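Structure first, commentary second.
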Amino acid sequence: MKTGMISFAHMHAHTYADFLSQRSDVELTAIWDDDVARGKEMAQRYNCQYYSALEQFLQTDISSVIICSENAKHRDHVIASAKAKKHILCEKPIATEIEDAKDMIKACQEENVILQVAYPVRFAPAMVRAKEMIQAGTIGEVVAINGTNHGQMPGGWFVKKELSGGGCAVDHIVHVMDLIRWIVKDEVKSVYAELDTRFYDIDVEDCGIVTLELTSGVIVTIDPSWSRPKTFSTWGDVTMTITGTKGTLSVDAFKQHALYYNDRENRVQQLPWAENMDQQLIDDFVQCVLEGRAPSISGEDGLRTLEVVKAAYRSNLLKKPVLLHDPR
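FYI, in the numbering used here the residues of the sequence shown are 113 to 440.
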């Protein structure tokens, strides 16, 4: 299978390209980037061809593309790729505007190509195990969820609203929100958010707290803040504490174990793992293309999380909770 990369603007592009290069059944043959110097450097690194024109890139015999351009450019790149009959893995968030996301999904449906959104944390073994336990009723009925996706301030285009769509909210709410929808199989009813800029002299928000009510009545809080200093031992975290009527499950995607506080057996259990979630994301996308099956993480999944982000911004502006599909 031949594949190509559209832009190395997002730091995840390097990891994805590395894992593509490690597969014997995939050949990374083409790179397009509107940053010519960066594109040529990456083409040399991965021993493939750089194209300065997107149209020429899309006319090659690649069957799929991975899009890691700035958030605001996703729409145009996805639609152009779909029209060229290329299967697509798009970096999160799917887009910066809801209508753009809908246009992207429609284009891929019309051209019968895969649109998968990059939510690799779904593949973290701890999160997979958590989903299994929740769906099995191990901790009873879910009552509340506290999620975090703290991180370091990424700088660059991430703090330019015209390219990113916002700050930490658009960058980090989506990961936790996708996990919640996937694990508990529920949707958001209302959103209340308080967002601010406290840590850095930037034009977008760098901290906040988002409170959600799911349709089932479950209460959720998400902290998406860019609150980790440069000296922090890792870039950030993705954690969830899921409280049920029979126990509480504490999950950390980036540590070597999850902790299950088992009320029935009156003990704490460790759930170990040791796999790379980005590699599993790439492997899953490749298998979807090779097998012709539907993506594990769809464009609709990307749209649903973006709707929560946009509702959070609206709530912060109005200073009150808003219904997710409130037309205001």
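Every residue, glycine too, gets a C-beta built ideally from N, C-alpha and C. Model, not experiment: these values are computed from the prediction.
Asked                                                                                                                                                             : Found
Around the Cβ of Val233, are there at least 16 other Cβ atoms within 10 angstroms (buried) or fewer (exposed)?                                                    : buried
Count the other CB atoms, across all protein chains shown, that sit within 10 Å of the CB of Ser136; report buried if there are 16 or more and exposed otherwise. : exposed
Verify whether the separation of the beta carbon atoms of Ile143 and Cys160 is less than 7 Å.                                                                     : yes
Trp144 lies in the beta strand (DSSP E); which residues open and close that run?                                                                                  : 139 to 144
Anyone know if the C-beta pair for His284 and Asp349 falls short of 7 Å?                                                                                          : no
Classify Thr417 as helix, strand or coil using the three-state DSSP reduction.                                                                                    : helix
Using DSSP with H/G/I as helix, E/B as strand and the rest coil, what is Arg340?                                                                                  : strand
For Val316, which three-state DSSP category applies?                                                                                                              : coil
Quick one: what's His287 bridged to in DSSP?                                                                                                                      : None; His287 has no bridge partner.
Tell me where the alpha helix (DSSP H) around Cys220 begins and ends.                                                                                             : 210 to 223
Return helix, strand or coil for Tyr72, following the three-state DSSP convention.                                                                                : There is simply no residue 72 to check, as the chain begins at 113 and stops at 440 in what is shown.
Quick one, which of His126, Thr260, Gly278 has its alpha-carbon nearest Leu441's?                                                                                 : Any answer about residue 441 is impossible in this case: the structure gives the chain only from 113 up to 440.
Cα-Cα, which of Arg157, Glu167, Ala184, Gln134 is closest to His122?                                                                                              : Ala184
With 16 as the cutoff for other CB atoms within 10 Å, does Met216 come out buried or exposed?                                                                     : buried
Whole angstroms are fine: how far does the CA of Ala406 sit from the CA of Glu412?                                                                                : 12 Å
Do Asp375 and Gly359 have their C-beta atoms within less than 7 Å of each other?                                                                                  : yes
My understanding is that Glu317 touches Thr309, with C-beta atoms under 8 Å, so please give their C-beta distance in whole angstroms.                             : 6 Å
Please confirm if the segment 118 to 134 is in contact with the segment 163 to 181, defined as three or more CB-CB distances below 8 Å between the two stretches. : yes
The beta strand (DSSP E) that contains Thr333, what's its start and end?                                                                                          : 331 to 335
Counting Cβ pairs closer than 8 Å, one from the segment 196 to 214 and one from the segment 412 to 422, do we hit at least three?                                 : yes
Report the start-end ranges of each beta strand (DSSP E) in the segment 139 to 196 that is 3 residues or longer and not cut off at the edges.                     : 139 to 144, 161 to 163, 176 to 179
Please classify Trp347 as buried or exposed, where buried requires at least 16 other C-beta atoms within 10 Å of its C-beta.                                      : exposed
Classify Ser328 as buried or exposed, calling it buried when 16 or more other Cβ atoms lie within 10 Å of its own Cβ.                                             : exposed
Determine whether the beta carbon atoms of Phe120 and Arg150 lie at a separation below 7 Å.                                                                       : yes
So, helix, strand or coil for Pro439, using DSSP?                                                                                                                 : Confidence is the limiting factor: at Pro439 the pLDDT is only 41, short of 50, which leaves the residue's position unreliable, though a coordinate-based value still follows. Coil at Pro439, not helix or strand.
When you compare each of Lys195, Val255, Asp335 to Val286 by their alpha carbons, which one comes out closest?                                                    : Asp335
Under 6 Å Cβ to Cβ from Pro341, same chain only, skipping five residues before and after it: list those, please.                                                  : none
Given this structure, state the Cα-to-Cα distance separating Ala196 from Glu403, to the nearest angstrom.                                                         : 20 Å
In whole angstroms, what is the alpha-carbon distance linking Gln221 and Ile174?                                                                                  : 19 Å
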